[in-house]
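Line order of the protein sequences matches chains Y and X.
Quick note, the numbering used here runs 1 ahead of the 1-based positions in the first sequence.
Quick note, the numbering used here runs 3 ahead of the 1-based positions in the second sequence.
Just so you know, even glycine gets a beta-carbon here, dropped at the ideal spot from N, CA and C.
From a predicted model like this one, the values you see are computed outputs, not experimental measurements.
Note sheet for the following structure.
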Amino acid sequence: MLSKKQARAFFLGGTLVTFLVFIGLTIYSFSVENDQSNHENITEAVVRGKNIWESNNCMGCHTILGEGAYYAPELTKVVDRMNMKYDGQGEEVIKSILMSPVPWQPNGRKMVAYEMTEQEAEDMVEFFKWIGEIDLNGFDRIVSPLAKEDN
Amino acid sequence: MKYKSQKVAYWFFALSMLLLVLQLVYGFVMGFARIGFDNLHEFGIPFNTARAVHTNLLVVWLLSGFMGAAYYIIPEEAQRELVNVKLAYVQLISLALVGVAAVVGYHFNYWEGRKFLEIPRPLDFLVVVNVLLFLGLILVTLFKGKRRTTTALVLSMGLLFAALLYLPGMLPFDSQVTDSFFRWWVVHLWVEGVWELIMGGILSFLLIKLTGVDREVIEKWLYVIVGLTFLSGVLGTGHHYYYIGVNKIWLIVGGIFSALEPLAFLAMALFAVNMYRKGEKKHPNKLALYWTLGAAIVSFVGAGLLGFAHTLPQTNLYTHGTLVTAMHGHLAFWGAYGMIVLAIISYSLPNMTGRKLYTSSTGRAAFWLSNIGMIGMTVAFGVAGVVQVYLERKLGMEFMEVQNETKVHFVVLILCATLFTTGIIMYIVDFYKHGKPSDEALEINQ
């Protein structure tokens, strides 16, 4: 049977090897030829949008890239989806929701009234557009059937 | 209790219980919002606030419990008093203050909205200082102690790595993708990595005390289990990387290693049950034994089996970002970490207070009600999740329409949560009945 010393070697060795592989794979997946995070299209507006997204804890209700709280819709392809629903007026609809002084209430479920400025709402839309162009290994097709032709 | 300084653990446990109750309150706020009673929205508790408070209190009450466990276990394992008891109380109070500041801040839009890591940056630094103080006390005590046991080492290593792994979460990134990528270094490597070391350490301590099986045997298996945990868990992080915008390599790596993750939990469950069977000395503290074996078994079901249920990329493509995740999350956290904290409290409380209420009927009811309630909640989340996946992702129905269809499951969820909460309240009644820790409870002759 395994001795305590061998058990300890298994623990330390296994941990070291898997952690090194983990670091290696991290470097691999962010190297130029393997990167699919669409980071080259990040503009200042996108970064401002991300900061607004975080400072209001939007992920506390919505999901984005499939992460969040499952209480409000997935927003990965939200601009495309809203464009389809509102005849190409998607961006305007999103902005009016974000700028609204009263809570938006689709089907009775309330969203916080953020009363954003035009500029802030614009930045949010830029953030959503950038998110919408990330290569998600097929997940975008599942959360937005409209995205089928794009992939 | 063998050392006076172990008493400090009591206050960490008390804080832990208080925060647990608050966590449940915010859970109910969310449950009611989901069935249409979102009445607190206008009064500073919209869903996103409730959610941030609910998940962060979970982390803080468990950490407070882990710290209490360490303050109880380390002196006994190292065979000496804690190096500085006053600093331990300072650390307790500062932990409580940081926790309260964060939770109050969430009600005033003061947060960093990154799921699970909502604590705003200035408070992050306070957390780091607090944890360093805690680790300093624990590690110096261990270093100066008469002996260094494997149990103590594994527990301390878990706590040390947990502190180190908090740091990647503080790196700033412009890209949502890299932000998310490194956020999982904290969240995943905590709960499916180093926290399991902490759990393993506590479990091993409890099994040594409760079953009387030889320390050498138990500690050998502890190494095997934590070895399996890291072997599968580190690369298993890949299951969070399938669909967030990083390379496809993670579909393969994450898929294979995630599939191995239940092994560590299976080993933990088999180990605990076997040690219990082998044990000749039967400790009179039956409640502690219930919670200990319960933690090992429920964590296998919740973390191991239910995790495996949606960890393969082919399944996860549909379940990623749905209530299926909430199903797995609830039973996994309860089994692996909630129950182990309640186990160490049940074991140490009679020793610290001198009141040996080993088999109270409230204590037994607390165990069964909370477990049945949590299993019911898990089933409710699971059914709602499967309905959501089918309607929304297979049939392409709109998100909000699907949410209306799943309202009834949340009525069931609230009923089960009530059962669960009743159990927890009974546990706390028992906690309160034990009274305050006392120096007279010292076991001089052992």
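{"Query": "For Tyr246(X), the nearest candidate out of Val22(Y), Val33(Y), Leu17(Y), Ser38(Y) (CA to CA)", "Result": "Ser38(Y)"}
{"Query": "Against chain X: residues of the region 60-73 of chain Y by CB proximity under 8 Å", "Result": "Met60, Gly61, Cys62, Thr64, Ile65, Leu66, Gly67, Glu68, Gly69, Ala70, Tyr71, Tyr72, Ala73"}
{"Query": "Contact set between Met491(X) and chain Y, taken where Cβ atoms lie within less than 8 Å", "Result": "Residue 491(X) lies beyond the residue range present for chain X, which begins at 4 and ends at 449; the question has no answer from this structure."}
{"Query": "is_contact[Gly324(X), chain Y] using C-beta, thresh 8 Å", "Result": "yes"}
{"Query": "Beta carbon proximity, Asn42(Y) to chain X, threshold 8 Å", "Result": "no"}
{"Query": "Neighbourhood of Leu308(X) by C-beta, 7 Å cutoff - its chain only, sequence neighbours within 5 removed", "Result": "Pro265"}
{"Query": "CB of Thr356(X) within 8 Å of CB of Lys439(X), strictly", "Result": "yes"}
{"Query": "Cys59(Y) versus Tyr29(X), Leu129(X), Asn112(X), residue with shortest Cα-Cα distance", "Result": "Asn112(X)"}
{"Query": "Under 8 Å from the C-beta of Gly248(X): neighbouring residues of chain Y", "Result": "Gln37, Ser38, Asn39, Leu66, Ile135, Asp136, Leu137"}
{"Query": "Inter-stretch contact at 8 Å, needing at least 3 Cβ pairs: the region 134-145 of chain X / the region 70-85 of chain X", "Result": "yes"}
{"Query": "Val237(X) versus Thr64(Y), Pro107(Y), Val18(Y), residue with shortest Cα-Cα distance", "Result": "Val18(Y)"}
{"Query": "Phe185(X), enclosing alpha helix (DSSP H) - first and last residue", "Result": "179-192"}
{"Query": "Proximal chain C residues relative to His44(X), where beta-carbon distance stays under 9 Å", "Result": "The structure shown contains no chain C; its protein chains are Y and X."}
{"Query": "Proximity test, Cβ basis, 8 Å: Lys5(Y) and chain X", "Result": "yes"}
{"Query": "Where Ile76(X) falls: helix, strand or coil (DSSP)", "Result": "helix"}
{"Query": "DSSP state of Thr381(X) mapped onto helix, strand, coil", "Result": "helix"}
{"Query": "Span of the alpha helix (DSSP H) around Tyr430(X)", "Result": "410-436"}
{"Query": "First and last residue of the uninterrupted alpha helix (DSSP H) at Gln120(Y)", "Result": "119-133"}
{"Query": "Proximity below 8 Å, CB of Tyr321(X) to CB of Val432(X)", "Result": "no"}
{"Query": "Minimum Cβ-Cβ distance from Trp193(X) to chain Y less than 8 Å", "Result": "no"}
{"Query": "For Ile43(Y), three-class secondary structure by DSSP", "Result": "coil"}
{"Query": "Residue environment, Asn108(Y), which counts as buried when at least 16 other CB atoms sit within 10 Å", "Result": "exposed"}
{"Query": "Close beta carbons around His243(X), own chain, < 7 Å, minus the five adjacent residues each side", "Result": "Trp187, His191"}
{"Query": "Cβ-Cβ separation, His286(X) to Lys212(X) (assumed contact under 8 Å), whole Å", "Result": "7 Å"}
{"Query": "Bridge-paired residues (DSSP) for Thr64(Y)", "Result": "Gly69(Y), Glu75(Y)"}
{"Query": "Beta-carbon proximity list for His313(X), same chain, < 6 Å, skipping 5 on both sides", "Result": "Asn319, Thr322, Val327"}
{"Query": "Exposure label - Met342(X); buried when at least 16 CB within 10 Å", "Result": "buried"}
{"Query": "Start and end residues, alpha helix (DSSP H) containing His286(X)", "Result": "Counting along the chain, His286(X) falls outside any alpha helix (DSSP H), and DSSP gives it neither H nor E."}
{"Query": "Where Phe303(X) meets chain Y, residues with beta-carbon distance less than 7 Å", "Result": "Per Cβ cutoff of 7 Å: no residues; Phe303(X) is ~20 Å from chain Y at best."}
{"Query": "Residues within the region 8-27 of chain Y neighbouring chain X, beta-carbon criterion of under 7 Å", "Result": "Ala8, Arg9, Phe11, Phe12, Gly15, Thr16, Thr19, Phe20, Val22, Phe23, Leu26"}
{"Query": "Phe184(X) beta carbon near the ligand SAM (any heavy atom closer than 7 Å)", "Result": "Among the components modelled here there is no ligand, and therefore nothing to report on the ligand SAM."}
{"Query": "C-beta atoms of Met125(Y) and Ile53(Y) nearer than 8 Å", "Result": "yes"}
{"Query": "Through-space distance from His40(Y) to Leu422(X), alpha-carbon basis", "Result": "48 Å"}
{"Query": "Residues of the region 195-221 of chain X with Cβ closer than 8 Å to any Cβ of chain Y, in chain order", "Result": "Glu219"}
{"Query": "Chain-ordered chain X contacts of Glu55(Y) [CB-CB under 8 Å]", "Result": "Glu115, Gly116, Arg117"}
{"Query": "Chain Y contact for Arg396(X) (CB, 8 Å cutoff)", "Result": "yes"}
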